[in-house]
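Read the sequence shown against the working numbering and you will find it ends at 301, with the numbers running on by one and no gaps.
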Amino acid sequence: MHPDVFKGTQKEYHWWERLRYGFFDEDDPEVSVDIEGGTPFEDYIELITGREIYDLEDELDSRGSSLRIFGDFSPSYLWDPHNWYVLDGNQGCQEPRVVVGQHIHHVFPDAKILLTFRHPTPRLYSRFVSRIPRTPSLRGSSPEDFHDYVVDGIEKYKACFREWSIRHCAYNVSVYRESVVRLVEGMYPVFMADWLRIWPKEQMFIMRYEDYGGHERERVSEVYEFLGLAKLNDQDMDAVAAHVVVNSGSDEYHRYGLMLDKTRKVLDDFYQPFIDKFARLLHDRRFLWKDTIH
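Listed below in structure tokens is the structure:
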């Protein structure tokens, strides 16, 4: 909603880890790509700028640059295990030597990275509930089904941990596909460690999801400052803070039910080592989530 930000054409583009290699089915995001095809970089640029970039020709001709910015909001760039093996530099590897962040850095070394993390336990249930309507095999699922999926998935990852490194298992496509719930998405320190080896931390804005709701104006102002965007007047900022809420999850929770306490306990125990390591990695105790109720 900031006037100096390109609107783009959608939210998630998935170009860096999927679309540039071939077909991507929005109804089945986990489908493999055809590495013989691919979306050209020029087409990707048109998508993320919404073709508004062509309106800047005079400014670019006279100054050589523009203060306007564009963004790509694809969370899977951080963690997606599906196609790392086709990234240049990973041929023949058991786990990635090169991750998506390195390819992005190669093209856009001055990019700024915005990251929002939620406590992994409620995040996982939110993810599961959001998948039910669009995943035929999950339709009719209940909180009890979710519990069974969680227990089964944790067993599969623990079996992998006994044979391989945690990082290897986090990037293991087979374990990911065999686990109905996406446990790997909450293994934050594994993937953040990779990205922090590539990106200076000063180019990252890292926020807790729990610190956003009820404080939208403050958080958005911080993001604008981080991105070097001009401050908005009070009226415009009020409009941004009051922007329509989407994907709140309240309707889905009412329809499918809340996560069971026993499931929460199992997940908290599984994720605690990852949470502890994540807080140490970021040197920020807020990411222990001791002050939140989930």
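For glycine and all other residues, C-beta sits at the position ideal for the given N, C-alpha and C.
For the 8 Å Cβ check, are there 3 or more pairs between the region 48-62 and the region 10-28? yes
Where the beta strand (DSSP E) through F124 begins and ends: I120 to F124
8 Å is my cut-off, CB to CB: does E151 come that close to chain D? Any reference to chain D falls outside this structure, which holds one protein chain only.
Determine contact between the region 127-137 and the region 259-266, defined as no fewer than three beta-carbon pairs at a distance below 8 Å. yes
Taking Cβ positions, are Y20 and D117 nearer each other than 8 Å? no
Note the first and the last residue of the continuous alpha helix (DSSP H) segment covering M199. Y195 to L203
Could you tell me the distance, in whole angstroms, from the CA atom of V114 to the CA atom of S69? 23 Å
Tell me the DSSP secondary structure of M8 in three-state form. coil
Rounding to the nearest angstrom, what Cα-Cα distance links K165 and V191 in this structure? 12 Å
Kindly indicate which three-state DSSP category F285 falls into: helix, strand or coil? helix
Distance, P103 Cα to D34 Cα: At D34 the pLDDT is 49, less than 50, meaning the model places this residue with poor confidence; the figure from the coordinates comes in the next sentence. Cα to Cα, D34 sits roughly 27 Å from P103.
Could you pull the start and end residues of the alpha helix (DSSP H) that R130 belongs to? P127 to R138
Which word fits A177, buried or exposed, when buried means at least 16 other C-beta atoms lie within 10 angstroms of its C-beta? buried
On a CA-only basis, which of Q101, G108 and D62 is nearest S83? Give me that one, please. G108
If you draw a straight line from the C-alpha of I52 to the C-alpha of E229, how long is it? 26 Å
When the Cα atoms are used, what is the spatial distance from R125 to N179? 23 Å
Beta-carbon separation of F198 and L121 under 8 Å? no
Could you spell out the range, first to last residue, of the alpha helix (DSSP H) harbouring F168? P150 to E170
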